[in-house]
Structures are given as C-alpha cells and as structure tokens.
Amino acid sequence: MSDSSSRLLPQIRVVLVETSHPGNIGSTARAMKNMGLAELVLVSPKEFPHAEADALAAGADDVLASARVVDSLDAALADCQLAFGTTARPRFNEAPSLAPRETAAAVLSAVQQGMKVAVVFGTERTGLTNTELGRCQHAVRIPTNPEFSSLNLAQAVQLIAYELRLASMAFDPVPETEPRPLATLAEFEGFMGHLETTLALIDFYKGREYTRLLQRFRRLYQRAQLGVEEVQLLRGVLAETERSARLAPKTVDGNGLAVGAETGTGERPGA
17 MSDSSSRLLP
27 QIRVVLVETS
37 HPGNIGSTAR
47 AMKNMGLAEL
57 VLVSPKEFPH
67 AEADALAAGA
77 DDVLASARVV
87 DSLDAALADC
97 QLAFGTTARP
107 RFNEAPSLAP
117 RETAAAVLSA
127 VQQGMKVAVV
137 FGTERTGLTN
147 TELGRCQHAV
157 RIPTNPEFSS
167 LNLAQAVQLI
177 AYELRLASMA
187 FDPVPETEPR
197 PLATLAEFEG
207 FMGHLETTLA
217 LIDFYKGREY
227 TRLLQRFRRL
237 YQRAQLGVEE
247 VQLLRGVLAE
257 TERSARLAPK
267 TVDGNGLAVG
277 AETGTGERPG
287 A
C-alpha cells in the first residue's frame, strides 16, 4: 500500500443504512478490506451480528468486529464534515451529482484537509430516501446500463472502494495549510433545526409548503460548506431574530384580539 493509501483510506467511513441481509454486511466488509478501507458504521441493520455476515466477510473479521451500530443516519454522520450519498435515480432538489471517480478525488482531497468524510449506501431494495440523501452534500451515481441499473449493495461498495484506492495510489497531496475547521454534520443539523424554528416564528412560510423551502435552504448552506465559526455566527443572528420577534409589539385584529409573534405564528404549517 502506498503512503497516501495507508494514511488516507482508513480514515474514510462507509455507512450502510438499514441493511436487510446480513450477508451483504459481510460482503461489504470484505470489499472494504480488499481496498484498504476499515471504518464501517451500520444504521439499524435488520440482523447483525450474524453468522452469514461472518462467513461472507471471508477474512475481513476485523472490519466486522470494529463495525459500529447506531440507530439513525444523523448519529452515523454526527462527527463528519462531508457525506456522499449513493443513489440510482434523480431526486427533487438533489445534491450535486458526481461519478465514482470524481467522488474519489473529492473524498481524498477532503480527508487530506483533515475532514471526516462518509460515503453512505441505502437499503438493498429502495436505496436512500430523499430525507437521507438530503443529509449528504453530494450524490454519487454509478453509470450503469440504464436498461438494467440494479447493483448488489456490496458490488456498489466495491466499485466506490476501488475508485478510492485507485485515486489514493496516484494522489498528489497539496502542501498542507492551516485548514478552516468545517462544522460537523451534527452542528449543521442543529443550525438547520434552529433556522426552521425561527422562520416559523417570524411567519416566513405564510402558508406555503415549507418542506421544499427548507430543502432549498439546506442546499444553499451545504454548498457554502459552513465553518464552525460561521455556524455560530448564523445561529447568533437567528437567536437575535427570535428575541426581536418575541419583543415586537402586538397589534389588534378586527375582532379585538391581540395578534403578534407570540400568538401562534411560531407553528409550522400543518403542525
């Protein structure tokens, strides 16, 4: 293994979401170890640990033994700065889409800069949901035959892992500079929740379908790749906006009832 491969590849996290068949977990571990990857996180697997996973790991027992099981994708990505979600079909308001080779280059560049990066794979039958893909800054699409695009989960992991290894062997790291500390995905999700609440408080939605509006805000801020201090700054603005909205003088409607920031405008549509 080259110096770049041995240094960078073990830092990349592979996340499997709600895997149905334990054999696919074992085959994924084998694919990872073949290419020098080591960190596996499982989100609510149907069956794990399992003898079939052990059998199909075919010697990658250390990857399985160190695999971490969590109950949500947010938990799997909480300490990451970047996530790449695999998908086989276009989605509404999707993250920027990359091919596997482009993905490998972007992942290694981010790891070289000190970021924690995850590549996320969905269930065998349906892949990642729109919400799960929305947690990722980039979508990854493997260019398969459009008339038969179905890939086994472990095959998809093998393809991405191979591209990561290939890229790492030729990786020419840029001279190291002091990295700008990006917000973790947990910090980013905290900001998004704060934004949603504040927009409701100031009646920004005004009866509009708020889910799509929030998706647009999510993509806007994901593209910005917010740093830790920038998230803190934005949350400070939101906190001041909330304070001002709550202090705003109430007015009286035609029925003589008081209306204002604290009389119901804080609810999301349909809440």
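When the letters of the sequence shown are read in order and numbered with the numbering used here, they come out as residues 17 to 287. By construction, the Cβ of each residue, glycine as well, lies at the ideal position given by its N, Cα and C atoms.
Same chain, Cβ closer than 7 Å to L230, five either side skipped, listed in chain order: E212
Residues of its chain near S20, where Cβ-Cβ distance is below 6 Å and the 5 sequence neighbours each way are ignored: S184 and F187
Ordered list of alpha helix (DSSP H) runs contained in the segment 66 to 114, each at least 4 residues: 67 to 73, 77 to 81 and 89 to 93
Cβ distance (whole Å) where A73 is taken to contact A54 below 8 Å: About 13 Å; that fails the 8 Å criterion.
Nearest-angstrom Cα separation, counted from A264 out to L273: With a pLDDT of only 48 at L273, under 50, the local geometry of the prediction cannot be trusted, and the value read off the model is given with reservation. About 16 Å.
Distance between R262 and G252 (C-alpha atoms, nearest Å): 15 Å
Beta-carbon proximity list for D239, same chain, < 7 Å, skipping 5 on both sides: The residue asked about is misnamed: residue 239 is Arg in this sequence, not Asp. Close CB contacts of R239 within its chain, under the 7 Å cut and outside five residues either way in sequence, are absent.
Which of helix, strand or coil DSSP assigns to H37: Coil at H37, not helix or strand.
Own chain, CB closer than 6 Å to T119, minus 5 neighbours either side, in chain order: F100 and V156
CA nearest to the CA of A126, picked from T103, C96 and F137: C96
Spatially closest choice to M51 from N161, L182 and E225, by CA coordinates: When each option's Cα is compared against that of M51, the closest is L182.
Cβ-based burial, R151 [other Cβ within 10 Å; buried from 16]: Buried, by the Cβ-count rule.
The beta strand (DSSP E) enclosing A155, as first and last residue numbers: H154 to V156
Residue span of the alpha helix (DSSP H) that contains E63, given as start and end: That residue, E63, is in no alpha helix (DSSP H); it is neither H nor E in DSSP.
Beta-carbon proximity of I158 to P106, cut-off 8 Å: no
Assigned secondary structure, E2 (DSSP; H/G/I helix, E/B strand, else coil): This structure leaves residue 2 out entirely; the chain is present only between 17 and 287.
Three-way DSSP call (helix, strand, coil) for F187 in this model: coil
Residues bridged to T139 (per DSSP): T139 pairs with G143.
Other residues of its chain near E278: CB distance less than 7 Å, five sequence neighbours each side excluded: No answer about E278 holds up, because its pLDDT of 45 lies below 50 and its placement is not dependable.
Exposed unless 16 or more other CB atoms sit within 10 angstroms - verdict on P162: Label assigned to P162: exposed.
Pick from T214, A121, V86 and T102 that is closest to E258, judged by C-alpha positions: Nearest of T214, A121, V86 and T102 to E258, Cα basis: T214.
Validate contact between the segment 32 to 40 and the segment 65 to 72 using beta carbons, cut 8 Å, 3 pairs: yes
Close beta carbons around R196, own chain, < 8 Å, minus the five adjacent residues each side: G243
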